[in-house]
Every structure is written in structure tokens, then in C-alpha cells.
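K.L.:
Following UniProt numbering, the numbering of the sequence shown begins with 1 at its first residue and continues without gaps.
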Amino acid sequence: MFEALKPQPADKILALMQAYREDPRDTKVDLGVGVYKDASGHTPIMRAVKAAEKQLWEVETTKSYTGLAGDPGYADVMIDLILGDAVPRSTVAAAATPGGTGACRQGFDLIKMANPKARVFVSNPTWPNHLSILKHMNMEMVPYRYFDDETRGVDCDGMMADLANVQAGDVVLLHGCCHNPTGANLNLSEWKLVVEHLNKTGAVPMIDIAYQGFGDGLEEDAQGVRLVAGNCPEVLIAASCSKNFGIYRERAGLLMAVCSDPDRGALNQQTLNFLNRQNYSFPPDHGARLVTMVLNDPALRADWATELEEVRLSMLGLREQLASELQRLSGSDRFGFIAQHRGMFSRLGASPDQVEAMRRDSAIYMVGDSRLNIAGLNASTVPILAEAIIKAGV
Ligand code: LMR
1 MFEALKPQPA
11 DKILALMQAY
21 REDPRDTKVD
31 LGVGVYKDAS
41 GHTPIMRAVK
51 AAEKQLWEVE
61 TTKSYTGLAG
71 DPGYADVMID
81 LILGDAVPRS
91 TVAAAATPGG
101 TGACRQGFDL
111 IKMANPKARV
121 FVSNPTWPNH
131 LSILKHMNME
141 MVPYRYFDDE
151 TRGVDCDGMM
161 ADLANVQAGD
171 VVLLHGCCHN
181 PTGANLNLSE
191 WKLVVEHLNK
201 TGAVPMIDIA
211 YQGFGDGLEE
221 DAQGVRLVAG
231 NCPEVLIAAS
241 CSKNFGIYRE
251 RAGLLMAVCS
261 DPDRGALNQQ
271 TLNFLNRQNY
281 SFPPDHGARL
291 VTMVLNDPAL
301 RADWATELEE
311 VRLSMLGLRE
321 QLASELQRLS
331 GSDRFGFIAQ
341 HRGMFSRLGA
351 SPDQVEAMRR
361 DSAIYMVGDS
371 RLNIAGLNAS
381 TVPILAEAII
391 KAGV
């Protein structure tokens with residue numbers, strides 16, 4: 001049987017992570033996988049998470065199963081964090097998932113169950129794993145224009161023109177904030193256009209929010225999601241705690257289905273429970289429990305928010321340093337977009353050859369589409385990157 005298996009395409013981001021590990025040069029700079037690193041290149045455990053972990057060790061008395069949708073307290077705190085008071089809690093069905101990837105996968109599964117013919121409209125570009133999972137599930141994908149290669153901002157006119165083709169029963173996948181891989185984000189008036197259009201067509205929005213707090217702040221980054229949830233009749237939201245709680249390997253995510261009809265809401269909850277049972281039974285609990293403890297304890301929550309804000313500001317500082325270094329070296333403002341982008345990533349707009357040249361000549365690792373992880377830099381590697389960018393002719 002096994003001889004029938006075919007090699008699957010390597011995930012570009014994970015392959016790059018491996019290539020970086022194997023590079024013996026000690027000047028190498030990792031701007032690949034979306035993991036936050038401090039100035040010394042370390043991915044720290046956040047203070048509040050560590051404190052909660054210590055408390056948990058003292059108070060946890062059992063490792064028996066939780067519910068199929070995970071601990072309800074986790075859903076409550078996450079729904080509050082992401083949706084605030086945009087919708088009543090009773091309108092949200094939710095299930096804990098293994099990370100944000102698990103939430104996306106379960107969301108796509110739910111779409112397929114509800115409408116096997118649904119087309120999923122995806123931004124061009126989007127996180128490559130969205131495409132890979134949808135392809136694996138044999139779901140139809142339709143790309144919509146998103147990124148303007150000239151301005152390196154959002155091509156809102158192109159996006160709306162392409163979304164003119166959505167129909168009732170289709171799904172439009174959106175990034176809640178800190179668009180991955182471009183770093184270019186919708187402003188509130190653009191979100192409003194999208195909401196109006198979705199409501200006109202009857203297409204359902206699905207929002208992937210994996211970087212809340214990394215862009216303009218915890219509340220600011222949730223504005224788009226809240227607008228959609230408060231104004232569209234049905235919404236799917238896939239959330240991740242990997243980045244903003246720094247608990248990557250714990251796999252804490254949440255899938256939400258928002259719908260104000262109580263009968264459909266109950267059916268949504270039952271479907272989410274069913275999907276968890278089919279795919280992995282009970283979702284992982286440890287990371288979710290830490291998040292719940294941090295968000296429910298005012299002191300831990302305040303400390304977490306402070307540390308998250310430090311992380312956000314450090315990335316903004318690096319963006320500004322890189323943009324001004326590039327301005328100095330190029331004698332032009334053409335790299336100003338780096339300071340305008342938000343979140344962990346920016347798409348530089350370099351060709352695959354230029355990306356390869358930077359890897360070969362300067363040991364700089366960024367994804368082949370020229371996505372760079374700003375958090376992989378520090379004050380002393382910014383000038384090295386800036387020089388490599390100019391040298392590669394970007
Ligand atoms: C990324 O885009 O680098 C992160 O979301 C990590 C991943 O799983 O790809």
C-alpha cells in the first residue's frame with residue numbers, strides 16, 4: 001500500500017527553517033518562520049505565561065478529559081478578547097483547536113459540510129498553508145487581488161473588483177490584522193466596503209486572526225473582526241494564541257461560528273463538537289488553560305498586555321530603523337512602506353533571484369516570495385539586511 005504514496009510538496013516556510021538550521025555561517029540571519037525573537041534572537045516565554053504555568057502546577061489536580069469543545073472558560077475569555085461587545089456571547093459557537101492552523105482546518109471542514117460546492121475566495125497572496133490545506137481538502141479556491149506590487153499597500157479597487165464575483169454560499173477568507181505574508185492591512189473604511197459587499201451578495205466571511213496585538217494594539221487589531229461579526233449574519237473566525245501569548249508549541253487556537261439565530265447557533269456548536277471528535281477528539285488543554293488563567297487574573301493580564309505592547313513596539317522600532325537605513329542607502333523613499341506595514345511580516349517585493357542572492361551572499365533567510373519576519377532582526381542586523389537588499393538590486 002505505502003508504495004502508492006507520492007512525495008508531497010515541502011512547506012516553503014518550514015523548508016526554509018530547516019535550511020537556516022543547516023547553514024554553518026555564524027553571520028546568518030533568520031527572517032523566515034513567523035516566530036517572535038527578542039534582540040538576542042531568543043523566543044522568550046512571556047512573564048505572565050510562566051507565572052500561570054507555575055500556578056497551574058500547584059493547583060491542577062487532574063489531567064482527565066475536558067469537553068469536546070475544550071474548556072468553556074477558554075472560549076469565554078477568547079471571545080471577549082477578540083470580539084469585545086460586538087456581539088452577544090450567546091450568538092457565538094466555539095471550539096478549542098490545536099493552534100490557529102487547527103482552527104482554519106476545522107473551519108474549512110465546516111464549510112465543506114454546509115456547502116460542498118462552496119468556493120473559498122483567498123487573498124493573493126495569502127499564508128501558503130491556507131492554500132495547501134484547501135487543496136488537500138479538494139476545495140475550490142478563487143484568488144482575489146489584494147497587494148499592490150507598486151505601492152506595496154492594499155489594492156482595494158482590485159480586491160473589490162474580484163470580490164464582485166462572489167455568490168451566496170461562497171466564503172471569503174480575510175486576515176483579521178497583520179496580513180500574512182504582506183504586512184499590508186485594510187483600514188476601517190475598506191473593512192466597511194467589504195462588509196457591505198458581503199451582505200449584498202450573501203457570501204460568508206471567514207477571518208483568520210493570528211496576530212492580535214502585534215499591529216496597532218490589542219483593541220485596534222480587533223476592529224475589523226468586530227465590524228464584520230457585528231454586521232454580517234454568519235461569520236467564521238479562526239484564532240491563534242501562538243504569537244500573542246508566545247505559546248507556539250502548545251497549540252492553542254479557537255474556531256468561532258457567529259450567528260444570531262439560536263437554532264442555527266446550537267447546530268453550529270454541535271457541529272464544531274462533532275468535528276473535533278472526528279479529527280482528534282479533545283483539543284489540547286495546557287496552552288488554552290494558561291491563556292484562560294492569564295486573561296482571568298487582572299495582574300497577570302495587565303503584565304501580559306504590557307509585555308505584548310513591548311513586543312509590538314520593538315517590531316515597530318525595527319521597521320522604522322530598516323526604512324530609514326534603506327532611505328539613506330538608496331537615496332529614495334521607495335522603502336517607506338516597511339514602516340507603514342504592520343505585524344511581523346513585510347513583503348519586500350524582491351524577485352526570487354534577489355531573495356536567493358541575499359541568502360547566498362549575505363546568509364539572509366527570507367521566504368522566496370520576499371516575505372521577511374521583522375522580529376528576526378535586531379539593531380545590529382538591520383544595517384546588514386539593508387546593505388544586502390541594496391546589493392541584490394531590489
Ligand atoms: C508563518 O507564517 O511563518 C507562521 O504562521 C508559522 C507557520 O506555521 O507557517
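For every residue, glycine included, the Cβ atom is placed at its ideal position computed from N, Cα and C.
1) Run the proximity test for T43: is its beta-carbon closer than 7 angstroms to any non-hydrogen atom belonging to the ligand LMR?
2) Less than 8 angstroms separating the beta-carbons of S90 and D11?
3) Is any non-hydrogen atom of the ligand LMR found closer than 7 angstroms to the C-beta of N129, if you look at the structure I gave you?
4) Taking Cβ positions, are L236 and L322 nearer each other than 8 angstroms?
5) By alpha-carbon positions, which one of Q106, Q212, R226 ends up nearest to K192?
6) When the Cα atoms are used, what is the spatial distance from A305 to Q270?
7) At what residues does the alpha helix (DSSP H) containing N165 begin and finish?
8) For H175, which of helix, strand or coil comes out of DSSP?
9) How close, in whole Å, do the beta carbons of V291 and A350 come, if the pair is a contact with beta carbons under 8 angstroms?
10) Alpha carbon to alpha carbon, how far is A4 from I82? Give it in angstroms, no decimals.
11) Check whether the Cβ of R33 lies closer than 7 angstroms to any heavy atom of the ligand LMR, and answer yes or no.
12) Assess, as a yes-or-no matter, whether the segment 312-327 is touched by the segment 149-159 under the definition of 3 or more beta carbon pairs within less than 8 angstroms.
13) With H, G and I counted as helix, E and B as strand and the rest as coil, what does DSSP make of E60?
14) Between T101 and the ligand LMR, is the CB less than 7 angstroms from at least one heavy atom?
15) So, is S260 buried or exposed, given that buried needs 16 or more other C-beta atoms within 10 angstroms?
16) Can you tell me where the beta strand (DSSP E) with E309 in it begins and where it stops?
17) Would you identify the three-state DSSP class for Y36, choosing helix, strand or coil?
18) Comparing alpha-carbon positions, which option in L68, L385, E234, V394 lies nearest L31?
19) Pick out the complete alpha helix (DSSP H) segments inside the segment 202-232, 4 residues or longer, and give them in chain order.
20) Return yes when the C-beta of N180 is under 7 angstroms from any heavy atom of the ligand LMR, and no when it is not.
21) Please state the DSSP three-state secondary structure of G183.
22) Starting from the Cα of I45, find the closest Cα among R359, G287, A203 and give me that residue.
23) With the cut-off set at 8 angstroms, would you say A379 and M358 are in Cβ contact?
24) Between E219, V172, Q212, which lies nearest to H197 when the distance is taken from Cα to Cα?
25) Between the Cα of K50 and the Cα atoms of C232, H136, F245, F108, which residue gives the shortest distance?
26) Quick check on the burial criterion: 16 or more other C-beta atoms within 10 angstroms. Buried or exposed for Q212?
27) Leaving out five residues on either side along the sequence, give the residues of the same chain with a beta carbon under 7 angstroms from the beta carbon of P383.
28) Would the beta-carbon of I374 be found less than 7 angstroms away from any heavy atom of the ligand LMR?
29) Within a Cβ cutoff of 6 angstroms, which residues of the same chain sit near L329, ignoring the five residues on either side of it in sequence?
30) Would you say the beta carbon of I207 comes nearer than 7 angstroms to a heavy atom of the ligand LMR?
31) What span of residues does the alpha helix (DSSP H) with A388 cover, start to end?
32) Have a look at V394, L16, A375, S332 and flag the residue whose alpha-carbon is nearest the alpha-carbon of H42.
33) Quick check: the segment 200-217 against the segment 62-79, are at least 3 beta-carbon pairs closer than 8 angstroms?
34) Based on Cα-Cα distance, which residue from D369, R47, D109 lies nearest to N138?
35) Hey, would you say F345 sits closer than 8 angstroms to L308, going by beta carbons?
36) Would you identify the three-state DSSP class for L110, choosing helix, strand or coil?
P.N.:
Walking through what the data contain:
1) no
2) no
3) yes
4) no
5) R226
6) 33 angstroms
7) Premise fails: N165 is in no alpha helix (DSSP H) and is neither H nor E.
8) If DSSP states are grouped into helix, strand and coil, H175 belongs with the strands.
9) The pair is not a contact, with the Cβ atoms about 36 angstroms apart (cut-off 8 angstroms).
10) 44 angstroms
11) The amino acid occupying residue 33 in the given sequence is Val; Arg does not appear at that position. True, at least one ligand heavy atom lies under 7 angstroms from that Cβ.
12) Pairwise C-beta distances place the segment 149-159 out of contact with the segment 312-327, as fewer than three of them are shorter than 8 angstroms.
13) In the structure shown, E60 sits in coil (DSSP, three-state: anything other than H, G, I, E or B).
14) Indeed, a heavy atom of the ligand LMR lies less than 7 angstroms from the Cβ.
15) Under this definition S260 is an exposed residue.
16) The continuous stretches of beta strand (DSSP E) do not include E309, which lies in the alpha helix (DSSP H) extending over residues 298-330.
17) coil
18) L385
19) 223-231
20) yes
21) Residue state, collapsed to three classes: coil.
22) If we check each option's Cα against that of I45, G287 comes out closest.
23) no
24) Among E219, V172, Q212, the Cα nearest to that of H197 belongs to V172.
25) Looking at the Cα atoms, F245 is the closest of the given residues.
26) buried
27) So the qualifying residues of the chain are E325.
28) no
29) A386, I390
30) no
31) 382-391
32) Taking only the C-alpha atoms, the option nearest H42 is A375.
33) no
34) D109
35) no
36) L110 falls in the helix class under three-state DSSP.
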